[in-house]
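Residue numbers (our numbering), protein chains in the order written: chain A, 83 to 455; chain B, 5 to 340.
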C-alpha cells in the first residue's frame, strides 16, 4: 500500500458524471486521438519500409510489452521487470514449436498451432512468476521479477537442448497464407498495429470494468479490499495472467519481426529497457508506454547520428537514454504524459477561459500536483 | 538451539544428518563407490572451497546492500555499479603503485565518497519513496555503466595478486591416498583463503559493531523507529551518511576482491547486483547474518552446481530463491 503512494499513481475519483463519461468509448470526443488513429492507419502511404518496420512496428511491439508492465504497475501497483522475459519466452516457444533454421530443435508445427501454444505457455509462465511475485510487495516485487528475468536469461544462455545456448534460434518462419506474405512490410505493420490497438483497448476497457476497478482498489488499499471480501491475491494474480498474455502477444510479434531470438533479446538490460519505456512514457495511462516506446526507438535509431553531428562519440547512446530517464524520473513522476499534463495545466490556468468540466479536471489535477510534491 | 530442536525435531534431525554427511564428505577418504558416483574428491573439495570463498565475496557486496536497505529503506540498485567502480579504481591503483593493499584503501575511500554523494544528492531528496529510488538508481546504474565503459573500454581486467599471496597452500584435507599409502592433500590458492578470512573478519566486526557498540545501537534503533531516534537528539542524517559510506565502501572493497579472484568487465555490475539481490532475498533484507547465510548458500549452490549440473547451475540458485520465497517470504533470518 505504501507503494501506491510512492508510485504517485493518481487515484481517479469515480463520481457519477465521470463514470458515465468513462462508460463511453475512450477518447471518442478527442480529435487528437482520431488524428493519431488516422495517421497510424494510413502510415504505409507516408512512410517507407524502414520507417514502417524499424520505427513504427518496433515502437508498437515494445509499446505493447511496456503496456503489460503499465497495466501491472499503474492499475495493480506491482512493478514487474519480467514482462520482457515473458515476451521472450513466448518468442522462444514460437521458434521451438514452429519452423526455424534449427531443425533439430524446432518441432515444425504450423504457425496457427505454434502461436496459441506459445501464448498459452508464456501466459502460464508469467502467471507462475506472478504468483511468486504477489507474495511480496513494493521493492521486493521489483527484485524478484528482476531475478526471474535474470535467471531466464542465464538459463537460455546455458541450455542447448531447447534454447540453443547463446546463439539462439535463427531463421524463424513467419506466416504465409491466403497468398499473402504476412511478414512483408505493409501486412506486418497492420498485424502489429491491430494487436497493439487490441491490447490498448483491452487494457483501457479492463481498467473501467469491475475487475479493473477492484484491482485499483487493491492497489490503493489492500486491507480495505480484503475486508470488503475481495480476494486480494487472486486479483493480483489475475492481473498477471492478463499482463502475461499481452506480453506474450508482443513476444510473438517480436520473433516474427526479427525472425530470430537469442538470449541477448531477453537480457537484464533489455528487461530494464521495458521499465524505462513505461516510466518515460508514463505508467498511469495506457497510451504512456507507446509514447515512451516511440521516444526510445527514435533515440536508439538516431542518437548515434545525432551525437556524431554534435561532435560526440556516437556510442554514448545509452548515456543519453540514462540521463534522459534520470531527468524524467527526477522532475516528473508521471513520465512524458505527466510533463505534458502539467504544461497544459499551466497553460490553462494562464488562460481564464476554461469550461466547467475542464476547470474541475484541472482542480483534480492540481490536487494531484500537490500530491506529487 | 535446544529450543529449535524441541520445536522442530524433524528439521533438527535433517540438519544434523546433513552436517554429518557434509563433514564425512570433507574429511574422509572417499571409497571407490563414492568416487564412481560423485567424481573425484579433489573436484568436490575445490568446488566446495570455491563456493565458500565466492560466498565471502558475495557477502562483501550484499552486506553493504543490505546494511543500506536495513537502516534507511534505501533501495540502491546502483550497488553493482559501485562494485565495478571499486574494482576499476583498485585496478588503476594497483597498476600505478603496485600495491595491492593500497588499492583496497583507495577503492574503499572513493566508493564511499560516491556513496555519500548518492545519499546526499539523491536519496535524501526522496526519502520513503521506494519506487522513485528504484527508478533513479536504475537510471544512475545505466549512466555509470556507460561512463565506465567509456573510461575503461570493454576489456577484461584482472588485478595482480601480490607476490606474497601467489601460489597454493596445502590444506590438511586428504583428497586421495596414493597406491603407496601416502596421503595426497588438497592444494588451494592462498589468496582466496586470505580474502575469505578477511571477509569473515569484516562480517564479524560489522556484527559486533552493530550489536555491541553505541553507534550500532543507534543504527539498530534507526532501523526500528527513526522518528523517535531523531527526537532523542541523534543526528540521524549524519548516521545515514556514515552507514551509506560504509555500505558503498564495502561494495568498492568487494570490487577489488572480485577483480583479484575473477575479472572486471562491463556486465559484472549487473551480475553482482543480481547476486546481492538473490543473497538478500534468501537471507532476509536488512540482516547481516542473513546476508552471510544467503551468500554462503548461493556461493555453494553456484559452484557445486557448475561442477555437477553445469547446465542448470543458475537455475539451482534461482530454485533456492523460489523455495525460500515459498516457505519464508521474508527471508531465512529476518525477524519480521
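A virtual CB, placed ideally from N, CA and C, is assigned to each residue, including glycine.
Please read these numbers as outputs of a predicted model, since none were measured by experiment.
Let me make sure I understand the geometry here. Which of the options has the alpha-carbon closest to that of residue i?
i, options, result
"residue 123 of chain A", "A/305, A/387 and A/278", "A/278"
"residue 182 of chain A", "A/338, A/422, A/423 and A/224", "A/338"
"residue 93 of chain B", "B/79, B/117 and B/121", "B/117"
"residue 212 of chain A", "A/221, A/230 and A/197", "A/230"
"residue 187 of chain B", "B/196, B/176 and B/193", "B/176"
"residue 360 of chain A", "A/178, A/291, A/141 and A/262", "A/141"
"residue 290 of chain B", "B/54, B/68, B/25 and B/29", "B/68"
"residue 204 of chain A", "A/311, A/406, A/370 and A/323", "A/323"
"residue 209 of chain A", "A/238, A/165 and A/194", "A/165"
"residue 59 of chain B", "B/328, B/336 and B/302", "B/302"
"residue 257 of chain B", "B/111, B/96, B/329 and B/49", "B/111"
"residue 260 of chain B", "B/148, B/165, B/73 and B/101", "B/165"
"residue 221 of chain A", "B/294, B/316, B/285 and B/306", "B/285"
"residue 460 of chain A", "A/310, A/331 and A/293", "Residue 460 of chain A falls outside the range modelled here, since chain A spans only 83 to 455, and no answer is possible."
"residue 75 of chain B", "B/330, B/319 and B/244", "B/244"
"residue 305 of chain B", "B/149, B/296 and B/321", "B/321"
Out of curiosity, what's the CA-to-CA distance linking residue i and residue j?
i, j, result
"residue 119 of chain B", "residue 203 of chain B", "20 Å"
"residue 163 of chain B", "residue 389 of chain A", "34 Å"
"residue 425 of chain A", "residue 418 of chain A", "10 Å"
"residue 264 of chain A", "residue 256 of chain A", "7 Å"
"residue 92 of chain A", "residue 213 of chain B", "With a pLDDT of 44 at residue 92 of chain A, under the threshold of 50, the modelled position of that residue is not reliable, and the figure given next carries that caveat. The straight-line gap from Cα to Cα measures roughly 43 Å."
"residue 27 of chain B", "residue 288 of chain B", "27 Å"
"residue 2 of chain B", "residue 146 of chain B", "Nothing can be reported for residue 2 of chain B: it is not among the residues displayed for chain B, which extend from 5 to 340."
"residue 420 of chain A", "residue 269 of chain B", "37 Å"
"residue 106 of chain B", "residue 156 of chain B", "20 Å"
"residue 253 of chain B", "residue 286 of chain A", "47 Å"
"residue 247 of chain A", "residue 235 of chain A", "10 Å"
"residue 22 of chain B", "residue 16 of chain B", "10 Å"
"residue 3 of chain B", "residue 230 of chain B", "A query on residue 3 of chain B cannot be resolved here, the shown segment of chain B reaching from 5 to 340 and no further."
"residue 57 of chain B", "residue 345 of chain A", "29 Å"
"residue 224 of chain A", "residue 149 of chain A", "17 Å"
"residue 31 of chain B", "residue 320 of chain A", "52 Å"
"residue 126 of chain B", "residue 47 of chain B", "47 Å"
"residue 279 of chain B", "residue 142 of chain B", "16 Å"
"residue 275 of chain A", "residue 206 of chain A", "25 Å"
"residue 152 of chain B", "residue 80 of chain B", "18 Å"
"residue 226 of chain B", "residue 246 of chain B", "13 Å"
"residue 121 of chain B", "residue 114 of chain B", "11 Å"
"residue 326 of chain B", "residue 275 of chain B", "19 Å"
"residue 308 of chain A", "residue 160 of chain A", "17 Å"
"residue 179 of chain A", "residue 312 of chain B", "30 Å"
"residue 384 of chain A", "residue 167 of chain A", "26 Å"
"residue 298 of chain A", "residue 158 of chain A", "6 Å"
Could you give the first and the last residue of the continuous alpha helix (DSSP H) run that contains residue i?
i, result
"residue 326 of chain B", "317 to 331"
"residue 429 of chain A", "417 to 432"
"residue 292 of chain A", "292 to 302"
"residue 130 of chain A", "Element bounds for residue 130 of chain A: n/a, residue is neither H nor E."
"residue 306 of chain B", "292 to 312"
"residue 272 of chain B", "272 to 287"
"residue 135 of chain A", "Note, residue 135 of chain A: premise wrong, no alpha helix (DSSP H); not H, not E."
"residue 317 of chain A", "314 to 340"
"residue 112 of chain B", "104 to 125"
"residue 76 of chain B", "45 to 76"
"residue 87 of chain B", "83 to 101"
"residue 164 of chain A", "Element bounds for residue 164 of chain A: n/a, residue is neither H nor E."
"residue 155 of chain A", "Counting along the chain, residue 155 of chain A falls outside any alpha helix (DSSP H), and DSSP gives it neither H nor E."
"residue 192 of chain A", "Run containing residue 192 of chain A: none; DSSP gives neither H nor E here."
"residue 137 of chain B", "134 to 156"
"residue 185 of chain A", "First-last for residue 185 of chain A: undefined, no H or E at that position."
"residue 221 of chain B", "218 to 228"
"residue 357 of chain A", "350 to 363"
"residue 411 of chain A", "399 to 413"
In chain E, which residues lie less than 7 Å from residue i when you measure between Cβ atoms?
i, result
"residue 232 of chain A", "Of the protein chains in the structure, A and B, none is chain E."
Less than 7 Å separating the Cβ of residue i from some heavy atom of the ligand GDP?
i, result
"residue 201 of chain B", "Among the ligands in the structure shown, none appear at all, so the ligand GDP cannot be discussed."
Taking only runs of the beta strand (DSSP E) that begin and end inside the stretch 164 to 202 of chain B, which ones reach a length of at least 3 residues, in chain order? 172 to 181 and 187 to 193
Residues in the stretch 70 to 99 of chain B with C-beta within 7 Å of chain A's C-beta atoms, listed in sequence order? 79
Near-chain A residues of the stretch 226 to 248 of chain B (beta-carbon distance less than 9 Å), N- to C-terminal order: none
Counting only runs of 4+ residues fully inside the stretch 228 to 307 of chain A, write out the alpha helix (DSSP H) ranges in chain order. 267 to 290 and 292 to 302
For the stretch 398 to 417 of chain A, list every residue whose C-beta sits within 8 Å of some C-beta in chain B, in sequence order. 398, 400, 401, 403, 404, 405, 407, 408, 411, 412 and 415
Contact list for the stretch 215 to 232 of chain A against chain B, Cβ threshold 8 Å: 217, 218, 220, 221, 222, 224, 225, 226, 228, 229, 230 and 232
Chain B contacts made by the stretch 234 to 246 of chain A, where a contact means CB separation under 7 Å: 236, 237, 240 and 241
Taking only beta carbons into account, state which residues of the stretch 355 to 383 of chain A come closer than 9 Å to chain B, listed in chain order. 357, 358 and 361
Interface positions of the stretch 317 to 348 of chain A facing chain B (Cβ-Cβ less than 9 Å), listed along the chain: none
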